Structures are given as C-alpha cells and as structure tokens.
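**Q**
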Amino acid sequence: MSTPFVIAVDGPAAAGKGTLARRLARELGLPYLDTGLLYRATGRRALDMGADPADPVAAEAAARDLTPADFERPDLRGPAADAAASKVAAIPGVRAALLEFQRGFGARHGAVLDGRDIGTVVFPEARLKLFVTASPEVRAQRRHAELLAKGPAPSLDQVARDMADRDARDANRGVAPLRPAEDAKLLDTSELDAETVFQIALSWAVAAQKAT
Ligand code: CDP
Ligand code: CDP
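As numbered in full-length UniProt numbering, the sequence shown has no gaps in its residue numbers, which increase by one up to the final residue, 212.
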C-alpha cells in the first residue's frame, strides 16, 4: 500500500500558513487540519477551569478531555487564546496527548496539516514540507488587520509585541520548538500575495506527487 500523501505547513504566527494550507487541501482533494486549534481549545479549557495555562496538571487534563464542542467556540482567536495556546503548547504532556489525533488524521487518506512541528515531529516523513515565513512587521500588520475586521482591536504595537512574545515562546521551548525541518522548503511571503504563494506551493506539491 502506498504511504498517504501528507503536506506539512509550518511557520510563525500570521505568516500565511492557514491560507495556503486550506487552499492546497481544496485543490488536491485532501483533508485539512489546523493543528493550532487543538492548542487554542486546550488553552481556553484551562482558562475555563480557572487554571493557569502554564500549569502542567491542569493543561494536560484539558488536552485529554477535549470534545468536538471545544472547537466550535467563538473565542478561539484573539489575544487571550493566543497566549493561553502558546503556554499549554510548551508542556510536553499536552503535546503528547494531542499527537495521536494529529497522526491519525493524516495517516488514513493523507492530509495537509498546518502548525509549528508538523514537519519535525508529527509527520517527519511528510512528502512535502513547507516553512512559511514573513517579516515580523508584515505578520503583525496582517494579524492587526484581521482583528480590526472583526471589531475593536488592540493597537498595532500591542499586536506586534504579543506576537513577538508568542514567537519567542514557540521557538525557545524545550519540546518541539518552532524551526524548519532540514528538508523543508522555505517560503517568505512578505512580498507575495496569497495567490502567488499558492501557485509556487502547488507546483512543488504536484512535483512531489509525481515523484512518488
Ligand atoms: O495561519 P497563519 O496564522 O500563518 O496565517 P493566515 O491566517 O493564513 O494569514 C494571516 C492573514 O494574512 C490573513 O488575513 C491572510 O489573508 C493574509 N495573507 C496575506 O495577506 N498574504 C499572504 N501571502 C498570506 C496571507
Ligand atoms: O494562527 P497562528 O499562527 O497565529 O496560531 P496557531 O497556528 O493557531 O497556533 C497557536 C499556538 O499554538 C502557537 O503559538 C503555538 O504555541 C501552538 N501550536 C504548536 O505549538 N504546535 C502546533 N503544531 C500548532 C500550534
């Protein structure tokens, strides 16, 4: 049996991972998983328990007890969930609890998954690994524009500071830190629109499928 076709899309906040991964999945007829939602839902659950998201006992219980309803919540995006997600994500037991679901998701029919450690930990054998980046300024502007479109938003400076803190937590943690896999293709989207990024990535995906 041939191994399932998995595409890993990793990178820092607001680099354009989700926009690209969703479109690749649709184009190639593959399931799509936004793995950040697992960490966001875990962080929110820990907050609801009145716990500190950095507390391993509470965060691991929250990760183990996730239910489908946790992913339907309207408050999974925004500053509180951003910070809580990146705190629970630094806890090894939380990552272990979420690993099996992510592997199972991609293992059956193949998939496109986006996150921080898909190419390094979740699917080190993925047939295409993309590491999507953009400058910190561009990423803060993108996230700020998204928040403004939804309603009252923190200042651009505040968004940039929160994002820098989160990127630092993600890159410096001891377990599954944010970094490109050795065999990842780097895609700097700072000066590329989403369509151009998609066309570049699609050509790599088609080549990877043919190489199978
Ligand atoms: O998933 P991630 O946090 O990496 O980023 P995203 O949600 O895909 O993209 C963040 C924002 O940047 C969205 O509003 C996208 O429309 C926008 N974007 C862009 O302007 N240019 C790109 N090449 C990719 C995304
Ligand atoms: O959309 P954005 O890039 O801002 O964030 P996200 O992908 O929803 O991820 C939220 C947080 O979850 C990240 O800052 C990481 O701390 C964590 N995360 C992770 O550690 N590993 C993943 N595979 C996905 C997300």
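Where is the CB? At the ideal position from N, CA and C, for every residue including glycine.
Nothing here was measured: the structure is a model prediction, and the numbers come from that model.
Is the Cβ-Cβ distance between Leu76 and Ala54 less than 8 angstroms?
**A** Locating residue 76 in the sequence shown gives position 76, counting from the first residue. Locating residue 54 in the sequence shown gives position 54, counting from the first residue. No, the pair does not count as a contact, with Cβ atoms beyond the cut-off.
**Q** Taking 7 angstroms as the cut-off, is the CB of Val197 close to at least one heavy atom of ligand 1?
**A** Within the sequence shown, numbered from 1, the residue matching residue 197 stands at position 197. Taking the Cβ of Val197 as the reference point, at least one heavy atom of ligand 1 falls within a distance shorter than 7 angstroms.
**Q** Here's a check: name, in chain order, each residue in its chain whose Cβ is nearer than 7 angstroms to the Cβ of Gly43, leaving out the five neighbours to either side.
**A** Residue numbering aside, residue 43 sits at position 43 when the sequence shown is read from its first letter. Shown here for Gly43: same chain residues with a beta carbon closer than 7 angstroms to its own, the five before and five after excluded, namely Pro53, Ala81, Ala84, Ala85, Lys87 and Val88 in chain order.
**Q** Give me the pocket residues for ligand 1, defined as CB within less than 7 angstroms of any heavy atom, sorted by chain position.
**A** Gly11, Ala13, Ala14, Ala15, Gly16, Lys17, Gly18, Thr19, Leu20, Asp114, Val132, Arg142, Arg143, Ala145, Glu146, Thr189, Leu192, Asp193, Ala194 and Val197
**Q** Can the beta-carbon of Leu98 be found closer than 8 angstroms to that of Ala8?
**A** Position 98 of the sequence shown holds residue 98. Position 8 of the sequence shown holds residue 8. Their beta carbons are not under 8 angstroms apart, which means Leu98 does not touch Ala8 by this criterion.
**Q** On the criterion of 16 or more Cβ atoms from any shown chain inside 10 Å, does Gly74 qualify as buried, or is it exposed?
**A** As a working note, residue 74 is residue 74 in the sequence shown. Looking at the sequence itself, residue 74 is Pro, so the reference to Gly does not match. Classification for Pro74: exposed.
**Q** Between Gly106, Ser203, Leu178 and Gln209, which lies nearest to Ala15 when the distance is taken from Cα to Cα?
**A** For the purposes of this step, residue 15 is taken as the residue at position 15 of the sequence shown. When each option's Cα is compared against that of Ala15, the closest is Leu178.
**Q** Could you check the C-alpha separation between Leu113 and Val57 for me, to the nearest Å?
**A** Counted from its first residue, the sequence shown places residue 113 at position 113. Counted from its first residue, the sequence shown places residue 57 at position 57. Computed Cα separation, rounded: 27 angstroms.
**Q** Is Arg44 close to ligand 2? I mean its beta-carbon at under 7 angstroms from any heavy atom of the ligand.
**A** Position 44 of the sequence shown, counting from 1, holds the residue named residue 44. Result no, Cβ not under 7 angstroms from ligand 2.
**Q** What did DSSP end up calling Phe131 once you bin it into helix, strand or coil?
**A** Position 131 of the sequence shown, counted from the start, is the residue given in the question as residue 131. Of the three classes helix, strand and coil, the one that applies to Phe131 here is strand, per DSSP.
**Q** Report yes or no: do three or more beta-carbon pairs, one from the region 141-152 and one from the region 191-203, lie closer than 8 angstroms?
**A** no
**Q** Less than 8 angstroms between C-beta atoms, sequence neighbours within five positions excluded: which residues of the same chain meet that for Gln141?
**A** By one-based count along the sequence shown, residue 141 stands at place 141. Taken in chain order, the residues that qualify are Leu156.
**Q** Just how far apart, CA to CA, sit Ser135 and Gly115?
**A** Mapped onto the sequence shown, residue 135 falls at position 135. Mapped onto the sequence shown, residue 115 falls at position 115. Roughly 18 angstroms between the two C-alpha positions.
**Q** Can you tell me whether Leu37 is buried or exposed, with buried defined as 16 or more other CB within 10 angstroms of its CB?
**A** As a working note, residue 37 is residue 37 in the sequence shown. It is buried - the Cβ of Leu37 has at least 16 other Cβ atoms within 10 Å.
**Q** Measuring straight from C-alpha to C-alpha, what distance separates Pro79 and Pro12?
**A** Taking the first residue of the sequence shown as 1, we reach residue 79 at position 79. Taking the first residue of the sequence shown as 1, we reach residue 12 at position 12. Pro79 and Pro12: Cα-Cα distance of roughly 15 angstroms.
**Q** Considering only heavy atoms of ligand 2, does any lie closer than 7 angstroms to the CB of Arg166?
**A** For this step, residue 166 is matched to residue 166 along the sequence shown. Distances taken from the Cβ of Arg166 to the heavy atoms of ligand 2 include one shorter than 7 angstroms.
**Q** Could you check the C-alpha separation between Arg161 and Ala168 for me, to the nearest Å?
**A** Counted from its first residue, the sequence shown places residue 161 at position 161. Counted from its first residue, the sequence shown places residue 168 at position 168. Approximately 11 angstroms, taken between the alpha carbons.
**Q** Return the CA-CA distance between Arg103 and Glu195, expressed in angstroms with no decimal places.
**A** Your numbering for residue 103 matches position 103 in the sequence shown. Your numbering for residue 195 matches position 195 in the sequence shown. So the alpha carbons of these two residues sit roughly 29 angstroms apart.
**Q** Would you mind reading off the limits of the alpha helix (DSSP H) that contains Ile200?
**A** By one-based count along the sequence shown, residue 200 stands at place 200. For Ile200, the uninterrupted alpha helix (DSSP H) segment begins and ends at Ala194 to Lys210.
**Q** Write down the C-beta distance between residue 221 and Val132 rounded to the nearest angstrom, noting that I regard them as a contact closer than 8 angstroms.
**A** Since the displayed the chain opens at 1 and closes at 212, residue 221 lies outside it and no answer follows.
**Q** Of the residues Gly50, Asp193, Tyr39 and Ala46, which one's Cα is nearest the Cα of Phe101?
**A** Counted from its first residue, the sequence shown places residue 101 at position 101. Considering only alpha carbons, the answer is Tyr39.
**Q** So within the region 103-185, which uninterrupted beta strand (DSSP E) runs reach at least 3 residues, ignoring any that extend past its ends?
**A** 111-115 and 128-133
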